[in-house]
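Undergrad: For the sequence shown, the numbering used here assigns the number 676 to the initial residue and increments by one for each residue that follows.
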Amino acid sequence: MGTLNKKVTSYTVKITDEQSLKLEEGLKARGYKFKTVAHAKFGASHDNVSLSLFKSGKLLIQGKGTSEFVQFFLEPEIIKEIRFGYEEVLEGFTGDRIGVDESGKGDYFGPLVVA
């Protein structure tokens, strides 16, 4: 099941240098408080969200407001790609499957294969 119906409190995504600059500007404009975090370019927090952008380019978002932050700010304004909640669709379904197909010419009530 995707993350749209679950309350996510932690999310990690890799972003580019250009995206990190846009992120920092956007956070400043929204009144986020910046802080120093070990091994990170910066950390920031506001209301129910705390985030750290590491030197590797990985962005860690934590808190009760994680889902909203990702869905309404990070993906549409910074990353420009919607992935959150669509993991199964984008990465493919990996569970068991069942299917039916006809063998032969597909004549009326011809041989069936069930797998």
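Even glycine gets a Cβ: it sits at the ideal position worked out from N, Cα and C.
Hey, how far is the Cα of G774 from the Cα of I757?
TA: Each residue's Cα considered, the two are about 30 Å apart.
Undergrad: Please report the straight-line C-alpha distance between P751 and G770, rounded to a whole angstrom.
TA: Approximately 30 Å between the Cα atoms of the pair.
Undergrad: Using CA atoms only, rank isn't needed, just tell me which of D692, Y686, S685, V683 is closest to G732.
TA: Per the Cα distances, D692.
Undergrad: Which class does I754 belong to by DSSP, given the choice of helix, strand or coil?
TA: DSSP places I754 in helix when its eight states are reduced to three.
Undergrad: Tell me whether A704 is buried or exposed, calling it buried when 16 or more other Cβ atoms sit within 10 Å of its Cβ.
TA: With fewer than 16 other Cβ atoms within 10 Å, it is exposed.
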